[in-house]
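Protein chains in written order, with our numbering: chain W, 1 to 332; chain S, 1 to 332; chain G, 1 to 332; chain Y, 1 to 332.
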């Protein structure tokens with residue numbers, strides 16, 4: 001009915017149906033009719049709000065919500081005053097590897113456990129993750145050490161399965177513009193961590209987040225993980241500037257992944273410091289009991305000792321800008 | 001059983017189950033056992049072949065198949081002596097728009113009709129294609145003007161539907177590393193056109209193709225469509241060099257898309273000439289009855305007249321290197 | 001005096017003094033005075049012309065000169081109907097190496113001899129060229145085989161010396177924005193070949209050419225030699241699209257250097273074909289009597305045989321677009 | 001004589017003559033003769049040292065000098081425990097503009113005054129700096145407010161003139177591979193700040209520094225100022241990771257220029273924090289009395305107030321990693 005009215009006065013209508021809301025995008029229209037039409041639409045009691053969009057993205061824009069979004073992950077706040085540490089192995093390899101990792105990172109100050117169950121791999125002949133058993137181990141490790149869990153989902157058909165075990169759904173860099181997957185997690189009630197594509201512009205990244213938000217899921221954090229460049233010494237170029245830029249353009253929290261961003265163990269601690277100084281709301285770090293024997297990403301994984309040693313300077317940097325490192329919430 | 005034997009002698013085993021074959025990847029193993037093991041495996045009568053992989057990709061490598069692959073699309077050969085012209089609108093907008101386009105491009109020398117039914121869009125508020133009705137129109141236009149049809153599939157759950165109507169399944173640049181989608185089309189018997197990702201290295205592109213081939217579908221053509229760079233005058237940088245490079249590394253045919261590669265109508269004809277001179281096996285061109293009113297990609301779409309006018313010089317270039325432009329096969 | 005008048009009516013004045021003309025740039029000014037002022041200025045008999053600049057570059061813009069510039073290098077026309085072949089070794093190594101190269105490339109169809117006398121090298125410990133003796137050898141080889149000579153000048157203090165021996169002054173990619181050097185060759189009467197910087201945008205490249213032109217030297221050709229990207233298989237990405245783009249924006253001839261552009265011998269012939277099909281006015285190719293023993297750039301240098309073999313298809317491509325390969329002018 | 005001996009035993013010899021030392025590079029040679037030859041060479045009493053180079057660069061490598069270099073600029077230490085603040089306008093515009101800027105930045109904590117006298121400009125029609133009068137003003141401002149002075153030199157013929165007035169010679173990004181200029185400042189006794197080229201790899205940057213060092217001038221600091229990428233929101237991508245990478249590979253101090261790196265005023269303070277957290281030895285910031293009326297780079301220049309306000313958090317970050325911000329040395 002609203003759609004009919006909009007078409008009548010000259011708009012092109014593009015509805016987006018979500019679980020919690022339906023967005024009716026209206027493009028075009030006669031300039032002189034805009035004000036009248038907006039007033040009429042606001043009058044309907046099932047209409048929440050009518051907004052004039054000037055940026056290409058809307059729900060994720062600063063204009064839509066002035067204050068920073070704080071995402072509540074079972075009591076843990078991401079995007080608030082505290083900096084959240086996410087850590088764990090690239091890939092879940094075994095119960096022993098995961099449990100020792102979870103224990104070590106929890107003791108050192110991490111509050112979120114990372115670990116791959118479904119892994120994207122450039123080669124079809126590489127290891128692609130243990131799948132469901134890894135999800136079960138992650139959930140178990142989370143319970144045992146009171147950690148929240150973040151793990152990647154690649155296939156829209158697996159969103160439900162991964163949601164059962166994980167607190168945060170990670171969308172990987174390769175899938176930043178996998179729109180059917182974005183729409184699927186947009187229908188979910190789980191928090192989403194959206195990694196930046198290898199050569200995604202800020203606007204494209206925010207538009208990918210908008211796909212999720214327009215479906216009704218606004219619990220989104222954006223994760224900078226390095227962009228592709230001509231330099232070959234590092235795996236990628238960690239774009240630390242993305243942190244203040246996204247904070248200028250959007251209300252969403254920003255996570256930084258220095259492990260993938262640099263691809264070299266010896267740079268992780270220093271670039272973690274730089275990221276926190278730039279205002280990162282969380283860090284996600286690859287930690288492995290024995291990096292040189294890791295199935296994947298050993299070169300960029302740090303040891304338990306290295307993780308422990310990087311925390312005190314990091315805490316001081318956080319304090320220098322008026323923040324602190326988040327501790328595990330006592331009750332959920 | 002083979003897997004057991006391989007594990008026993010120290011390999012790590014990674015099977016890939018396909019419709020037409022099962023690939024058993026074996027990584028590692030003791031050097032001195034390699035020759036013996038290979039001989040033993042060859043002895044099994046259900047073993048087709050045992051290959052030692054030195055490159056990260058295998059079925060798509062020149063080493064695997066010396067001569068160029070020729071893909072037969074209902075009688076139309078792609079990868080042979082003839083250069084194939086694919087043309088049509090970016091997006092199917094209406095029956096009239098598609099039918100007039102199909103007629104015009106067929107008359108001018110195209111043998112494959114392009115047209116988007118499911119369209120990836122950077123913004124969730126843009127047009128995403130007509131979906132199924134567009135597929136039906138494409139199939140109808142194909143029948144009416146004896147054209148083969150190529151259209152994009154984005155969602156692994158839609159591969160079957162799109163396969164019903166289209167001769168070639170296009171994987172878009174954004175989905176080059178959407179591995180679940182690649183595996184799904186790897187199980188299909190339809191030809192696949194795999195576009196190069198925005199900043200994909202040659203090896204990553206070939207490994208994406210390997211995902212498809214390792215599932216048993218070797219009817220793959222690779223499509224160069226421009227890479228991301230610092231230049232802003234053109235939409236992308238069309239990497240014409242990709243044509244001879246891929247021909248050096250792989251037996252697969254190479255398609256060039258100068259429309260997306262340049263993003264500017266005024267460059268399409270010249271860069272088509274350059275691509276054919278570089279050895280492109282096919283071109284895919286956006287043609288629209290009225291580009292300035294196109295829903296998508298108007299700036300890079302050429303008119304019917306421009307398409308007609310670009311064909312004679314293109315034919316001469318093809319002849320200069322001993323090729324010709326493919327005509328529509330008389331019977332299928 | 002003119003400057004005084006311009007300042008009086010509110011312009012900021014930036015004079016550029018050249019050998020053949022003085023350009024007085026005037027920025028700003030009151031809109032309503034523009035027409036009047038222009039008329040007044042035109043009235044002065046020492047004023048050649050008054051132009052309103054809308055693009056950031058002027059003398060090199062298409063707007064300034066509709067038809068393509070044809071540069072006359074001692075009778076050899078660059079930028080006309082004929083495609084000019086420049087060839088020779090990366091670096092002059094010895095009299096024998098240069099003379100055999102000059103003879104071979106002249107016989108195969110080259111009309112310009114290339115060869116480095118002063119060589120830029122990423123490392124201070126690499127060979128930097130023979131200097132003056134190499135210049136003398138180049139001039140001698142030019143006389144002996146009736147070839148024009150192109151060689152690089154790096155230091156503004158050497159422009160005069162290099163001009164004595166060379167027909168075309170090459171500005172290398174690393175020096176595209178070495179403004180004191182550009183100003184120096186802008187004062188010269190020799191033709192200049194300005195290579196594109198490693199990551200120069202088209203506009204920056206044209207503005208670098210404008211530095212030369214604004215000094216009074218309009219005999220400029222622009223040389224595309226590959227841009228820097230993430231790909232590591234080739235040395236650079238040869239931006240073939242630069243040819244039609246520059247032809248759209250400027251009246252200057254465009255040279256393509258597939259040797260540096262690709263950095264691989266096996267791609268030179270094919271990419272030469274593509275460049276000519278794209279409308280290149282000249283090619284510059286590294287040819288060496290024994291590439292595997294070349295002091296510099298052996299990987300991208302082709303043999304005499306390879307140069308001879310690439311010419312016939314190249315001639316056919318040129319004919320396909322209505323051009324031919326330039327022959328050595330009989331008399332100068 | 002040494003050269004003769006080296007040639008005799010099969011080396012190719014490349015001498016580099018400097019003011020304070022002569023480097024004799026020897027490439028090649030028979031493996032079995034190496035040890036003997038080295039011993040013989042060490043025996044000459046005019047031979048300082050014989051080194052085996054494994055990296056392409058040598059005097060600037062960590063291998064050559066384990067501890068960090070501390071450059072003494074009239075008593076001010078760069079590369080030590082203290083972080084040095086360099087600030088001032090992009091370009092010297094007038095006595096008043098420079099003196100008020102010098103006073104403001106000195107009061108806020110800067111110890112080095114920046115200001116352009118000779119300015120590189122993409123366009124020949126832009127302002128290119130006041131030249132000599134600007135140098136005189138810089139030197140006067142330095143005296144008046146006890147600041148060291150850094151300014152750019154572009155032309156090898158101007159190195160002597162600029163050295164008379166400036167404490168630090170800046171080599172701009174466009175001239176990073178202007179080898180004749182590098183050789184000229186290599187002969188100077190002034191400290192040099194070498195900016196990273198727009199798309200220079202780390203190794204190329206260090207090799208450019210090696211040009212200077214091999215001439216005998218080891219007072220070199222490297223300045224990260226952003227690299228070129230596909231992103232258009234910021235002017236460049238500030239590569240903060242360059243700081244720890246260069247500290248890993250070299251003993252030279254690293255300066256960061258967030259003004260050019262980001263090209264946006266609103267990012268300067270935050271990215272200064274990140275740079276110091278990453279270990280930067282100095283920052284160079286564009287500050288202008290009235291940025292919106294600056295002749296050049298107004299968009300990235302901050303006001304006096306903004307500079308004052310960014311200092312307290314910066315000091316805290318420095319303290320968090322055990323450093324402090326350098327104060328002006330009381331006596332010189």
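We treat Cβ as the ideally placed atom computed from N, Cα and C, and that holds for glycine.
TODO: Closer than 6 Å by C-beta to residue 235 of chain G: which residues in its own chain qualify, once you throw out the five before and the five after it? Chain order, please.
DONE: 263
TODO: Please go through the same chain and pick out, in chain order, the residues whose beta-carbon is closer than 8 Å to the beta-carbon of residue 328 of chain W, but skip the five residues on each side of it.
DONE: 76, 106, 111, 146 and 147
Task: Coil, strand or helix - residue 170 of chain S by DSSP - done: Residue 170 of chain S carries a strand assignment under DSSP once its states are collapsed to helix, strand and coil.
TODO: Check each residue of the region 135-156 of chain W: if its Cβ is closer than 9 Å to any Cβ of chain S, include it; give the result in chain order.
DONE: 154, 155 and 156
Open item on the list: So, at 6 Å on beta carbons, what are the nonlocal neighbours of residue 288 of chain W in its own chain, with the 5 sequence-adjacent residues on each side left out?
Closed with: 89, 294 and 301
Open item on the list: Taking DSSP's pairing of strands, which residues face residue 87 of chain Y in a bridge?
Closed with: Y:113 and Y:285
TODO: Use the C-beta contact count for residue 60 of chain G: other C-beta atoms within 10 angstroms, 16 or more gives buried, fewer gives exposed.
DONE: buried
Task: Through-space distance from residue 217 of chain G to residue 188 of chain G, alpha-carbon basis - done: In this model, residue 188 of chain G and residue 217 of chain G are separated by some 7 Å (Cα to Cα).
Open item on the list: I want to see whether chain B comes within less than 8 Å of residue 232 of chain G, judged by CB atoms only; does it?
Closed with: Protein chains in the displayed structure are W, S, G and Y, and chain B is not among them.
Open item on the list: I'd like to check one pair, residue 120 of chain S with residue 176 of chain S: are the Cβ atoms closer than 8 Å?
Closed with: no
Task: chain Y contact residues for residue 316 of chain W, given Cβ-Cβ distances below 7 Å - done: 320, listed in chain order.
Open item on the list: Please report the straight-line C-alpha distance between residue 195 of chain S and residue 298 of chain G, rounded to a whole angstrom.
Closed with: One Cα belongs to residue 195 of chain S, the other to residue 298 of chain G, and the distance between them is close to 33 Å.
Open item on the list: Quick check: is the beta carbon of residue 259 of chain S nearer than 8 Å to any beta carbon in chain Y?
Closed with: no
TODO: Kindly say whether residue 121 of chain W, judged by its beta-carbon, lies nearer than 8 Å to any beta-carbon of chain G.
DONE: No, residue 121 of chain W lies away from the interface with chain G (no Cβ there is under 8 Å from its Cβ).
Open item on the list: Taking 8 Å as the threshold (beta carbon to beta carbon), is residue 264 of chain Y in contact with chain S?
Closed with: No, its Cβ sits nowhere closer than 8 Å to a Cβ of chain S.
Task: Where residue 65 of chain S falls: helix, strand or coil (DSSP) - done: coil
Open item on the list: Rounding to the nearest angstrom, what Cα-Cα distance links residue 223 of chain W and residue 319 of chain W in this structure?
Closed with: 22 Å
Task: Listed by chain order, chain W residues near residue 244 of chain Y by CB distance under 8 Å - done: 266, 267, 270 and 271
Open item on the list: Under 8 Å, Cβ to Cβ, is there at least one residue of chain Y near residue 69 of chain S?
Closed with: no
Open item on the list: Within 8 Å, do at least three Cβ pairs link the region 166-185 of chain Y to the region 164-182 of chain G?
Closed with: yes
Task: residue 322 of chain Y classed as buried or exposed, judged by whether at least 16 other C-beta atoms fall within 10 angstroms - done: It counts as exposed.
Task: Close Cβ partners of residue 135 of chain Y (< 8 Å) along its chain, the five nearest in sequence each way excluded - done: 117, 151, 161, 162, 164, 165 and 166
TODO: Locate the alpha helix (DSSP H) running through residue 144 of chain Y, then write down its first and last residues.
DONE: Looking at the DSSP string, the run of the alpha helix (DSSP H) that includes residue 144 of chain Y is 132-145.
- [ ] Quick one: residues in its chain with C-beta nearer than 8 Å to the C-beta of residue 258 of chain S, no 5 flanking neighbours on either side, listed in chain order?
- [x] 238, 267, 268, 271, 272, 275, 283 and 285
TODO: Within its chain, find whatever has a CB closer than 6 Å to the CB of residue 242 of chain W; leave out the 5 residues flanking it on each side and keep chain order.
DONE: 224
Task: Beta-ladder partner(s) of residue 223 of chain W, from DSSP - done: W:195 and W:255
Task: Below-8 Å beta-carbon distance, residue 332 of chain Y vs any chain S residue - done: For residue 332 of chain Y, the pLDDT reaches just 48, beneath the cut-off of 50, and the residue's location in the model is therefore unreliable, although a value from the coordinates is still provided. Not closer than 8 Å to any Cβ of chain S, the Cβ of residue 332 of chain Y fails to qualify, so no.
- [ ] Work out the CA separation of residue 246 of chain Y and residue 55 of chain S for me, nearest whole Å.
- [x] 33 Å
Open item on the list: Going by DSSP in three states, residue 238 of chain G sits in which element: helix, strand or coil?
Closed with: coil
Open item on the list: If I follow the unbroken alpha helix (DSSP H) through residue 276 of chain S, where does it start and stop?
Closed with: 268-277
- [ ] Determine whether the Cβ of residue 174 of chain W lies closer than 8 Å to any Cβ atom of chain G.
- [x] By the rule that beta-carbons nearer than 8 Å mark a contact, residue 174 of chain W does not touch chain G.
- [ ] Check whether the Cβ of residue 325 of chain W lies closer than 8 Å to any Cβ atom in chain S.
- [x] no
Open item on the list: Measuring alpha carbon to alpha carbon, tell me which residue in W:231, W:193 and W:184 is nearest residue 214 of chain W.
Closed with: W:184
Open item on the list: Determine, for residue 329 of chain W, whether the minimum Cβ-Cβ distance to residues of chain G falls below 8 Å.
Closed with: no
Task: DSSP state of residue 332 of chain S mapped onto helix, strand, coil - done: Residue placement at residue 332 of chain S is poorly supported in this model, since its pLDDT is 48, which falls under 50; the coordinates are not used for a value here.
TODO: Leaving out five residues on either side along the sequence, give the residues of the same chain with a beta carbon under 7 Å from the beta carbon of residue 206 of chain Y.
DONE: 57, 60, 249 and 250
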